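Taking it in order: structure first as structure tokens, then the write-up.
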Amino acid sequence: MDSKDLIVECLKKEIESRANYLHNKKIKSIYFGGGTPSILESKDINSILNYIYKHYNLDENIEITFECNPDDLNFEKLISLKKNGINRLSIGLQSLNDKDLKFMNRNHSASQSKQAIFDAKKIGFNNISVDLIYGIPSQNLNSWKNTLLTILKLEIQHISAYALTIEKNTQLYHLVKKKKINELNEKKFLRLYDELISFTKKNNFIQYEISNFGKKDFFSNHNIGYWTGNHYLGIGPSSHSFNGNSRRWNVSSNKKYIDSLKKNNCNYKTETLSIKEKYNEYVFTSLRTIWGVNISYIEKKFGGKFKDYFYNEVQRWSNHIIMLNKKNTYILNDEGKKIADKIAADLFAV
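When we follow my numbering, the leftmost residue of the sequence shown carries the number 89, and every step to the right adds one.
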């Protein structure tokens, strides 16, 4: 049995062993993400889904997303995904400009990206999300506008757009440090972000979370679950789970993951959240969404002490019209979204 088959068998074993984790609640979304999808064959996807169907209670309108890059997809692969019940694709385009893609060392071209989307639509996928990155050093306002206009022509239903982050010990980090390329300044980032907001509003995308934009009826159940604090179960190496009280994350090493499940164990770590941590997490995630932070919910879930604390701290921001109060709910306006992390940090209980 090769390593891929071993991983699949271990995934199935973990799926079965953790069947009670969600307490038989209806599952509204399944997400094939991380590095796993690119190695899975049609028979593997079918086998994994059948195991999930057997051991979990699924919503009749369940969203099943397959995360992939354009170079992972060809016509035959897309047909097999459709046949196996995948009804949503999340495609990591990052850009539709070849200069940007080359800079990021992507294996696909803009032409491949467009072809993958054409093929997916031809086969019958009508719920397609794309990942985009803005703030790439090779990017300018015109190339960003062209990428967004092409997305519009491709009739995509959902966009996830993220600002480029420079992480330590990456090639990009060293290039910036050696001044071989210039890091985008904040003004340029904001210009690109403002163009994104203007474009999405004009073309009927709803910004339901700071980085996520969906057409009506095409918000991602997977994303909503994460940003609204729903419980979720992660299966496989490096996966994370949350049951409302604690977080659990599996070992990242494939070998250690396989070795532990061979012995009917799962190698993981866990962290129990304090009420203060739960409050802070609620504020951080909810503030990023169109549903906002609800005062009544804070009182019911965390108590009057946290409700009073939030109300007192939030006054400094509402007075600056950065937050809007609707039915006891605080929601960020467009300017507030630009500094969401700073606002959230000010509202955290310490």
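Quick reminder that beta carbons are idealized off the backbone N, C-alpha and C, glycines included. All values reported here derive from a predicted model rather than from experimental measurement.
Notebook entry, point to check: Whose C-beta lies closer than 6 angstroms to the C-beta of D160 among residues of the same chain, with five residues either side of it excluded?
Noted result: Same-chain partners within the cutoff: S126.
Check: Nearest-angstrom Cα distance between S308 and L128?
Finding: So the alpha carbons of these two residues sit roughly 23 angstroms apart.
Notebook entry, point to check: Can you list, in chain order, the stretches of the beta strand (DSSP E) that have 3 or more residues and sit fully within the segment 322-389?
Noted result: Here the runs fully enclosed are 328-330, 334-338, 356-360.
Check: Mapping DSSP to helix, strand and coil, what is D90?
Finding: In the structure shown, D90 sits in coil (DSSP, three-state: anything other than H, G, I, E or B).
Note to self: Strictly by DSSP, which residues pair up with A251?
What the structure shows: DSSP, once it has assigned bridges, lists Y222 as partnering A251.
Item checked: alpha helix (DSSP H) runs contained entirely in the segment 147-205, provided each spans 4 or more residues -> The qualifying runs are 163-171, 186-191.
Margin query: Within 10 Å of its beta-carbon, does G302 have 16 or more other beta-carbons around it, so buried, or fewer, so exposed?
Written below: Under this definition G302 is a buried residue.
Checklist line | CA-to-CA distance, E164 to E369, given in whole angstroms | finding: About 42 angstroms.
Next item on the list: Alpha carbon to alpha carbon, how far is K131 from A439? Give it in angstroms, no decimals.
Entry: Residue coverage of the chain in this structure runs from 89 to 438, which leaves residue 439 outside it and unanswerable.
Next item on the list: Could you give the DSSP three-state label for Y296: helix, strand or coil?
Entry: Assignment of Y296 by DSSP, reduced to helix, strand and coil, places it in the strand class.
Check: Taking C-beta to C-beta, are I431 and I409 nearer than 8 angstroms?
Finding: Not closer than 8 angstroms, so no.
Margin query: Pop quiz: K364 and A437 are said to be a contact at Cβ under 8 angstroms. What is the actual Cβ separation, rounded to whole angstroms?
Written below: Under the criterion of beta carbons closer than 8 angstroms, K364 and A437 qualify as touching, at roughly 5 angstroms.
Notebook entry, point to check: Buried or exposed: where does T235 fall if 16 or more other Cβ atoms within 10 Å of its Cβ makes it buried?
Noted result: Burial of T235 is indicated by the presence of at least 16 other C-beta atoms within 10 angstroms of its C-beta.
Checklist line | Range of the contiguous beta strand (DSSP E) that encloses S117 | finding: From DSSP, the beta strand (DSSP E) with S117 extends over 115-120.
Note to self: By the three-class DSSP mapping on this structure, what secondary structure does N413 have?
What the structure shows: DSSP places N413 within a strand segment (E or B) once states are collapsed to three.
Notebook entry, point to check: Does the beta-carbon distance from K171 to N145 come in below 8 angstroms?
Noted result: Not closer than 8 angstroms, so no.
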